[in-house]
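Novice:
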């Protein structure tokens with residue numbers, strides 16, 4: 002949009018680890034005033050568990066100060082203070098009983114299987130912020146003006162609940178990243194399934210890339226080609242093409258596509274056999290000028306199944322300056338080998354594919370030259386050696402990627418913020434907390450913050466799928482906020498108006 006600044010931030014996937022880190026990063030961006038300079042906010046999976054309620058919250062916190070929590074200087078952090086996490090906080094759901102909500106949804110015989118994950122995600126991560134009520138599902142859009150235009154064109158929606166982006170403070174344009182899976186789950190063999198990036202935004206749901214997918218069996222499926230307004234997503238295909246204003250007449254979907262549907266889709270792994278029955282499904286049809294193409298039921302799964310940062314969605318929009326928060330599980334090596342038997346090692350596995358080191362999970366993601374990877378890796382390693390947060394800015398030539406619909410021939414400035422330990426921050430902590438951090442390190446991680454800051458995406462705590470404790474959440478959010486505050490001059494160089 003020409004009205005938005007050409008800047009963006011990306012919050013990676015990573016379950017509740019990324020939720021906690023994202024909350025801290027948003028706290029730092031807000032405290033420094035940098036959030037006001039951001040045009041776009043892209044998120045994936047666990048990053049979306051924080052970003053969606055940040056964008057839309059309608060209950061709980063009175064303002065961003067209460068939602069995000071206070072900035073805590075390292076010297077002021079105590080084990081007693083880490084144990085307190087107010088319910089109004091954005092990161093509180095990381096400590097909530099997701100497993101309990103999931104078990105209840107599985108036990109509900111009246112709930113369709115493809116809505117189980119949606120029910121659990123909505124109840125856990127959106128419900129505390131007034132964004133989930135299965136008895137009165139609400140469609141969503143950008144603001145009241147957009148809602149008025151929608152209801153004027155669709156009188157049957159008048160009086161139905163809808164959700165608009167929080168209006169009390171500036172919010173960047175939200176881009177939630179999922180993927181479309183074909184053949185739909187659980188149909189087809191796992192090695193036949195193909196995945197296409199799929200966006201869920203306040204203004205449109207879909208992908209601009211029109212693709213014909215081909216299975217080894219010879220079957221084909223046409224997908225993509227444009228976006229539908231969220232309130233109409235899931236409807237049957239129209240009989241004809243759009244009118245002069247771009248509108249088509251369709252049969253309304255049986256139920257509205259909700260924020261819970263979007264947040265569930267971006268975080269529903271299609272790679273784990275146990276999760277496959279619960280992956281959300283919806284009708285999708287190719288958006289074409291002529292119309293008349295049949296719709297099919299497709300599965301919509303974790304954006305991290307193909308691209309875990311949301312960066313490509315912003316490159317597709319030619320966003321010129323981007324901060325990517327890599328809220329990773331993997332420590333950065335002292336050095337990163339650009340070449341190896343299986344590609345680069347010692348770095349988050351989603352980063353090399355952007356530079357042409359394709360993997361089975363990310364076969365189509367190259368948007369930068371392979372020759373540029375070494376410079377990015379060295380810049381990150383140099384930042385790690387400085388000990389004040391792994392933050393490095395690189396200017397990269399964008400290569401054309403037809404699969405994702407990215408135009409080449411231009412340059413982007415990317416500031417990478419990599420989840421890592423920060424010795425300068427740790428040195429200022431209370432001795433008891435420093436001991437707890439050291440106790441939690443390899444080779445035998447133990448104690449209240451085991452693995453810090455690389456909490457396990459699943460199974461961090463015994464008997465819990467994704468649940469973290471309040472001290473774990475608070476300590477990671479505090480570190481993530483401190484890195485943003487400490488590196489604010491570097492971030493400002495990327496995000497400030499020019």
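Numbering (this note's numbering), first residue to last: 2 to 499.
Note that CB positions come from ideal geometry on N, CA and C, so glycine has one too.
Hey, residue 69 and residue 40: beta-carbon distance below 8 Å or not?
Specialist: no
Novice: Among 241, 324, 255, 126, which one has its Cα closest to the Cα of residue 8?
Specialist: 324
Novice: What do you get for residue 421, buried or exposed, if any count of 16 or more other CB atoms within 10 angstroms of its CB means buried?
Specialist: buried
Novice: Going by DSSP, what residue range makes up the beta strand (DSSP E) through residue 324?
Specialist: Looking at the DSSP string, the run of the beta strand (DSSP E) that includes residue 324 is 322-327.
Novice: By alpha-carbon positions, which one of 71, 250, 417, 203 ends up nearest to residue 240?
Specialist: 250
Novice: Output the distance between the C-alpha atoms of residue 463 and residue 22, rounded to the nearest integer angstrom.
Specialist: 21 Å
Novice: With DSSP as the reference, identify every bridge partner of residue 402, one or two as the case may be.
Specialist: 407
Novice: Which value, in whole angstroms, describes the spacing of the CA atoms of residue 453 and residue 75?
Specialist: 16 Å
Novice: What do you get for residue 96, buried or exposed, if any count of 16 or more other CB atoms within 10 angstroms of its CB means buried?
Specialist: buried
Novice: Tell me the residue span of the alpha helix (DSSP H) that contains residue 475.
Specialist: 471-487
Novice: Could you pull out every residue in the same chain whose Cβ sits closer than 7 Å to the Cβ of residue 114, ignoring the five residues on either side in sequence?
Specialist: 278, 279
Novice: According to the Cβ coordinates, are residue 56 and residue 89 closer than 8 Å?
Specialist: For the 8 Å CB-CB criterion, residue 56 and residue 89 do not form a contact.
Novice: Grouping DSSP H, G and I as helix and E and B as strand, with all else coil, what is residue 379?
Specialist: helix
Novice: Out of curiosity, what's the CA-to-CA distance linking residue 392 and residue 495?
Specialist: 12 Å
Novice: Identify which residue in 118, 286, 99 has its Cα closest to the Cα of residue 271.
Specialist: Of all alpha-carbon atoms in 118, 286, 99, the one lying nearest the alpha-carbon of residue 271 is that of 118.
Novice: Classify residue 255 as helix, strand or coil using the three-state DSSP reduction.
Specialist: coil
Novice: Hey, quick one: how far does the beta strand (DSSP E) through residue 172 stretch, first residue to last?
Specialist: Unbroken run through residue 172: none, as it is neither H nor E.
Novice: Mark residue 445 as exposed unless 16 or more other C-beta atoms lie within 10 angstroms of its C-beta, in which case mark it buried.
Specialist: By the neighbour-count criterion, in which a residue is buried when 16 or more other Cβ atoms sit within 10 angstroms of its Cβ, residue 445 is exposed.
Novice: Have a look at 469, 199, 54 and flag the residue whose alpha-carbon is nearest the alpha-carbon of residue 131.
Specialist: 54
Novice: Compute the beta-carbon to beta-carbon distance between residue 281 and residue 303, rounded to the nearest angstrom, for a pair I have assumed lies under 8 Å.
Specialist: No, residue 281 and residue 303 are not in contact; Cβ-Cβ is about 11 Å, not under 8 Å.
Novice: Residue 499: buried (16+ other C-beta within 10 angstroms of its C-beta) or exposed?
Specialist: If you draw a 10 Å sphere on the C-beta of residue 499, you find fewer than 16 other C-beta atoms in it, and that means exposed.
Novice: So what does residue 177 bridge to, in DSSP terms?
Specialist: 44, 201
Novice: Identify every residue that forms a DSSP beta bridge with residue 416.
Specialist: 324, 394
Novice: Taking one C-beta from the segment 301-318 and one from the segment 401-417 each time, how about it: are there three or more such pairs within less than 8 Å?
Specialist: Counting C-beta pairs closer than 8 Å gives three or more between the segment 301-318 and the segment 401-417, which meets the contact rule.
Novice: Nearest-angstrom Cα distance between residue 455 and residue 248?
Specialist: 47 Å
Novice: Counting C-beta neighbours from all protein chains within 10 Å, is the total for residue 73 16 or more, i.e. buried, or is it exposed?
Specialist: Taking every protein chain shown into account, the CB of residue 73 has 16 or more other CB atoms within 10 angstroms, so this residue is buried.
Novice: Would you check if there are 3 or more beta carbon pairs closer than 8 Å linking the segment 429-449 to the segment 468-484?
Specialist: yes
Novice: From this set, 143, 295, 137, which residue's C-alpha is nearest residue 242's C-alpha?
Specialist: 295
Novice: Between the Cα of residue 208 and those of 220, 217, 215, 182, spot the shortest distance and give me the residue it belongs to.
Specialist: Its Cα nearest to that of residue 208, the residue 182 stands out among 220, 217, 215, 182.
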